[in-house]
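Notes to accompany the following structure.
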Amino acid sequence: MIAIGGAIGVGLFMGAGANIAKAGPSIILMYALAGVIIFFIMRALGELLLYRPVSGSFAEYAREFLGPFFGFATGWTYWMMWVVTGMAELTAAAIYMHFWFPEIPQWVSALTFLVILFGVNLISVKIFGEVEFWFSMIKVTAIIGMIVIGLGVLTLGFSDAGDTASASNLWAHDGIFPNGIGSSLMTLQGVMFAYLAVELVGVTAGESEDPEKTLPKAINTLPWRIAIFYVGALLVILAVVEWTEFGPNVSPFVHAFEKIGIPLGAAIVNFVVLTAALSSCNSGMYSTGRMLRDLATNTEAPKFLGKLNSRSTPAAGITLSVALMGIGVVLNYFVPEKAFAYVTSVATAAGIWTWMMILVSHIRYRRAVDAGRLPASSFPAPGGSVCSWIALLFLIFVTCLVAVDSDARISLYVGAVWAVFLGIGWLVRKSRGTARPDDLPGGEQEKRLEYAGE
12 MIAIGGAIGV GLFMGAGANI AKAGPSIILM YALAGVIIFF IMRALGELLL YRPVSGSFAE
72 YAREFLGPFF GFATGWTYWM MWVVTGMAEL TAAAIYMHFW FPEIPQWVSA LTFLVILFGV
132 NLISVKIFGE VEFWFSMIKV TAIIGMIVIG LGVLTLGFSD AGDTASASNL WAHDGIFPNG
192 IGSSLMTLQG VMFAYLAVEL VGVTAGESED PEKTLPKAIN TLPWRIAIFY VGALLVILAV
252 VEWTEFGPNV SPFVHAFEKI GIPLGAAIVN FVVLTAALSS CNSGMYSTGR MLRDLATNTE
312 APKFLGKLNS RSTPAAGITL SVALMGIGVV LNYFVPEKAF AYVTSVATAA GIWTWMMILV
372 SHIRYRRAVD AGRLPASSFP APGGSVCSWI ALLFLIFVTC LVAVDSDARI SLYVGAVWAV
432 FLGIGWLVRK SRGTARPDDL PGGEQEKRLE YAGE
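Below you can see the structure in the form of structure tokens.
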């Protein structure tokens with residue numbers, strides 16, 4: 012359930028509204044296209060994990076096949092991605108609160124949720140897995156319920172939307188590409204945000220007792236999860252409600268239930284998407300604290316970030332992460348109407364870097380295997396490195412789209428500043444003598460770089 016829930020977040024519950032307004036029914040094709048690319052990325056990661064299951068896989072494989080600096084940069088960038096994703100989740104949660112309390116400023120709700128979740132993470136993590144299991148159950152149940160009710164409206168014609176609900180809504184209002192193919196392609200960076208965190212399935216499986224069994228199952232069921240929870244849900248929603256009725260800062264799921272007119276249906280769905288956002292933000296706080304501790308224990312972050320408090324919680328790492336998540340509250344104060352777009356674009360840029368590192372590492376690994384320098388994985392990716400090249404070129408294309416999008420372009424500016432910080436951090440690490448000549452024992456780093464084709 013945690014694996015399934017990881018593929019469902021505010022990118023679907025909230026971000027789909029703005030994407031539908033830009034692309035119309037063609038947004039379904041964009042989610043499907045992006046889903047294929049995500050599957051290529053996950054199969055590449057799966058092959059690497061079965062070659063050598065490790066904790067912190069992204070940074071570790073970048074370190075092995077590209078060099079220590081890339082491992083350092085990938086670990087920190089992935090941490091930053093989760094911090095920014097937390098900002099997006101807080102923003103979404105604050106927007107959901109407008110459904111019941113429109114008079115409360117967006118930034119007040121965001122700050123309140125930030126403080127509450129911060130306290131929860133400092134107190135205890137004993138029930139984290141159980142809570143996330145049930146939060147995932149709520150999300151999955153809500154989407155399946157939406158699909159079933161929507162199909163009922165389409166086939167039986169009941170509810171307030173029964174007279175206008177029709178499969179023809181998918182093409183009857185200015186076609187599948189009502190705003191042109193260009194506008195549809197411009198939604199890809201927002202669509203990719205919806206798939207952030209799906210790679211955590213690989214990390215979890217890589218740390219399990221039986222990765223040979225759990226990892227292939229988790230990754231090979233990914234297409235079904237995408238087909239049902241993304242493509243299937245959007246097909247039903249856009250058939251029940253005309254795409255022209257959707258817009259940014261409104262959950263398409265909530266609006267669809269309002270249109271159907273089920274008593275308390277919209278309020279229930281709004282509660283579901285609110286808990287989904289808070290669940291993801293809570294997971295982000297949990298993850299970022301542990302990521303900083305892992306970086307600290309590998310001499311890639313200040314030592315104090317690796318310390319645990321009396322409750323065995325990395326309080327220093329969590330506090331630093333939450334403090335930076337507070338930037339999201341500031342954005343909700345100054346630019347509440349654009350806060351979600353800004354933070355999702357930055358998170359997507361960080362996620363794209365992580366995915367690129369997975370793909371490049373996989374390409375280098377396959378090159379070494381083909382040359383007989385490294386053992387083959389028991390879970391080879393279909394198409395070998397060809398699919399990884401396709402996915403890599405796609406991610407580069409999405410990055411170019413971000414560059415021409417006035418709202419998303421801010422992520423490239425942030426990325427440039429972040430690159431400077433990473434460079435300075437690496438130089439400081441080297442100057443203090445904490446940067447080892449290799450991050451694997453016995454010169455293994457140089458051997459593997461040589462095997463990979465250096």
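Going by my numbering, the first residue of the sequence shown is number 12, and it counts up by one from there.
Backbone N, C-alpha and C define an ideal beta-carbon position, used for all residues, glycine too.
Cα separation between Glu210 and Lys228?
Locating residue 210 in the sequence shown gives position 199, where the first residue counts as 1. Locating residue 228 in the sequence shown gives position 217, where the first residue counts as 1. Approximately 14 angstroms between the Cα atoms of the pair.
Buried or exposed for Ala244, going by 16 or more other Cβ atoms inside 10 Å?
Stepping through the sequence shown from its first residue, residue 244 is reached at position 233. Answer is buried; the Cβ neighbour count reaches 16.
Verify the contact flag: Ala352, CB atom, against every heavy atom of the ligand ZN, threshold strictly below 7 angstroms.
The ligand ZN is not part of the structure shown, which contains no ligands of any sort.
Can you grab the Cα-Cα spacing for the pair Ala103 / Met302, in whole Å?
The sequence position of residue 103 within the sequence shown is 92, counting from 1. The sequence position of residue 302 within the sequence shown is 291, counting from 1. Roughly 24 angstroms separates the two Cα atoms.
Determine the direct distance from the alpha carbon of Gly272 to that of Leu165, and round the result to whole angstroms.
The residue labelled residue 165 in the question sits at position 154 within the sequence shown. The residue labelled residue 272 in the question sits at position 261 within the sequence shown. Straight-line Cα distance between these residues: approximately 14 angstroms.
Ignore the nearest five residues each way along the sequence and tell me which others in Ile377's own chain have a CB closer than 7 angstroms to its CB.
Taking the first residue of the sequence shown as 1, we reach residue 377 at position 366. Here the sequence assigns Arg to residue 377, which means Ile is not the residue at that position. Cβ neighbours of Arg377 beyond the five flanking positions: Gly395, Ser396.
Taking a contact to mean a Cβ-Cβ separation below 8 angstroms, would you say Val202 touches Met41 in this structure?
Residue 202 sits at position 191 when you count from the first residue of the sequence shown. Residue 41 sits at position 30 when you count from the first residue of the sequence shown. Against a cut-off of 8 angstroms, the Cβ pair of Met41 and Val202 comes out as a contact.
Is the stretch 334-344 in contact with the stretch 110-125, if contact means three or more CB pairs nearer than 8 angstroms?
They touch, by the three-pair rule.
Nonlocal neighbours in the same chain, by C-beta distance under 8 angstroms from Val185, ignoring five residues either side
Taking the sequence shown and counting its residues from 1, the one referred to as residue 185 is at position 174. Strictly speaking, residue 185 in this sequence is Asp, with Val absent from that position. For Asp185, where only same-chain residues beyond five positions count, the Cβ hits under 8 angstroms are Gly35.
How many angstroms separate the CA atom of Leu342 from the CA atom of Phe112?
Numbered from 1 along the sequence shown, position 331 holds the residue referred to as residue 342. Numbered from 1 along the sequence shown, position 101 holds the residue referred to as residue 112. Spanning the two alpha carbons is a distance of roughly 20 angstroms.
Once you ignore the five residues that flank Lys458 on each side, which residues in its own chain have a CB closer than 6 angstroms to its CB?
Residue 458 sits at position 447 when you count from the first residue of the sequence shown. For Lys458, the predicted model reports a pLDDT of 44, less than 50, meaning its position is unreliable; a value from the coordinates is still stated below. Taken in chain order, the list of residues that qualify is empty.
Is Trp87 near Leu306, with beta carbons less than 8 angstroms apart?
Residue mapping note: residue 87 aligns to position 76 of the sequence shown, counting from 1. Residue mapping note: residue 306 aligns to position 295 of the sequence shown, counting from 1. Yes.
Meets three-Cβ-pair contact criterion under 8 angstroms: the stretch 63-80 and the stretch 253-272
The answer is no - the stretch 253-272 does not touch the stretch 63-80, with fewer than three Cβ pairs under 8 angstroms.
Out of Thr359, Ile149, Tyr206, Ile19, point me to the one whose CA is closest to Cys411's CA.
Translated into the one-based positions of the sequence shown, residue 411 becomes position 400. Minimum Cα distance to Cys411 is reached at Thr359.
Taking only three categories from DSSP, how would you classify Val346?
Here residue 346 corresponds to residue number 335 of the sequence shown, with the count starting at 1. It is coil, neither helix nor strand.
Applying the criterion that 16 or more other CB atoms from any shown protein chain within 10 Å of the CB defines a buried residue, is Ile31 buried or exposed?
Locating residue 31 in the sequence shown gives position 20, where the first residue counts as 1. With 16 or more other Cβ atoms within 10 Å, it is buried.
Which of helix, strand or coil does DSSP assign to Val333?
Locating residue 333 in the sequence shown gives position 322, counting from the first residue. Residue state, collapsed to three classes: helix.
Would DSSP call Asn132 helix, strand or coil?
Residue numbering aside, residue 132 sits at position 121 when the sequence shown is read from its first letter. In this structure, Asn132 counts as helix in the three-state DSSP scheme.
Short check: CB of Leu226 to CB of Leu61, under 8 angstroms?
Taking the sequence shown and counting its residues from 1, the one referred to as residue 226 is at position 215. Taking the sequence shown and counting its residues from 1, the one referred to as residue 61 is at position 50. Result yes, Cβ atoms of Leu226 and Leu61 sit closer than 8 angstroms.
Under the three-state reduction of DSSP, which class applies to Glu210: helix, strand or coil?
For the purposes of this step, residue 210 is taken as residue 199 along the sequence shown, with counting starting at 1. If DSSP states are grouped into helix, strand and coil, Glu210 belongs with coil.
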